[in-house]
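In terms of our numbering, the sequence shown opens at residue 0 and continues consecutively.
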Amino acid sequence: MKSILIIGMGRFGRHLCMNFAKLGNQVMIVDEVEENLEELLPYVVSAKIGDCTNEAVLRSLGIANFDLCFICIGTNFQSSLEITSLVKELGGRHVISKANRDIHAKFLLRNGADEVIYPDRDIAEKLAVRYSANHVFDYIELTDEFSIYEIPPLNEWVGKSIKDLSIRNKYHISILATKEDGRAKLMPPADYVIKADEHLMVIGKKDDVDRILKELP
0 MKSILIIGMG RFGRHLCMNF AKLGNQVMIV DEVEENLEEL LPYVVSAKIG DCTNEAVLRS
60 LGIANFDLCF ICIGTNFQSS LEITSLVKEL GGRHVISKAN RDIHAKFLLR NGADEVIYPD
120 RDIAEKLAVR YSANHVFDYI ELTDEFSIYE IPPLNEWVGK SIKDLSIRNK YHISILATKE
180 DGRAKLMPPA DYVIKADEHL MVIGKKDDVD RILKELP
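Written as structure tokens, this is what we have:
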């Protein structure tokens with residue numbers, strides 16, 4: 000469980016708040032508009048109305064007490080930049096700021112952000128990969144080189160164990176989980192026998208996964 004501060008209750012901030020809360024974290028939220036906070040009150044330990052470009056408001060939050068500080072200001076970059084800088088100056092341990100453009104990200108990183116996220120861009124990239132390939136059911140980019148893909152098994156894999164197929168050596172991927180009827184089973188053992196009607200969560204390089212996808216009917 001972590002203590003998390005989220006500043007800015009726009010669409011992204013609201014979803015972030017609810018998901019962190021559902022995972023058992025302690026969340027505090029701040030926004031200038033009271034109405035933006037009301038629907039989230041059941042999810043948080045504290046909510047405050049305030050303008051976080053005001054240093055006094057930020058000081059009252061006890062910034063240094065939070066494990067993570069998210070600045071989710073999407074419409075006013077100047078405010079996002081000011082708040083990011085102030086949060087870091089006031090002892091923010093790990094400051095994560097939302098950006099819409101690369102130039103914004105550069106300024107945020109120079110002015111206190113430990114990390115910058117692009118929710119809209121990341122979702123667009125994920126959807127593009129998923130729908131460009133016929134057999135990719137889900138996709139998570141980890142680095143520029145490695146990603147996690149949810150794919151069906153090759154016909155030749157069905158009824159054989161992971162060990163017998165020597166998947167890692169032959170295909171240069173690793174199976175992280177199997178997924179059947181929407182339920183995932185993590186880290187299948189080497190003697191696990193692959194089924195025809197399940198999906199596999201695999202980690203690997205794009206080129207290696209692409210070669211597998213080309214073998215699928």
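A virtual CB, placed ideally from N, CA and C, is assigned to each residue, including glycine.
Would you call K87 buried or exposed, if buried means 16 or more other Cβ atoms sit within 10 Å of its Cβ?
buried
Taking the Cβ atom as the reference point for each residue, do P187 and I172 lie within a distance shorter than 8 Å?
no
Quick one, which of V128, K194, C68, D180 has its alpha-carbon nearest S160's?
K194
How about V128 and E149: are their beta carbons less than 8 Å apart?
no
Could you give the first and the last residue of the continuous beta strand (DSSP E) run that contains I202?
198 to 204
D119 - DSSP class collapsed to helix/strand/coil
helix
Look up D137 in the DSSP assignment and say whether it is helix, strand or coil.
strand
Spatial neighbours of D113 within its chain, please: CB distance less than 6 Å, with the 5 preceding and 5 following residues excluded, ordered by chain position.
H93, V94
Identify whether C16 lies in helix, strand or coil by the three-state DSSP scheme.
helix
Do the stretch 32 to 46 and the stretch 6 to 22 make contact, defined as three or more Cβ pairs closer than 8 Å?
yes
What runs of the alpha helix (DSSP H), each 4 residues or longer, lie entirely inside the stretch 53 to 119?
54 to 58, 76 to 88, 101 to 109
Which residues bound the alpha helix (DSSP H) around K162?
161 to 164
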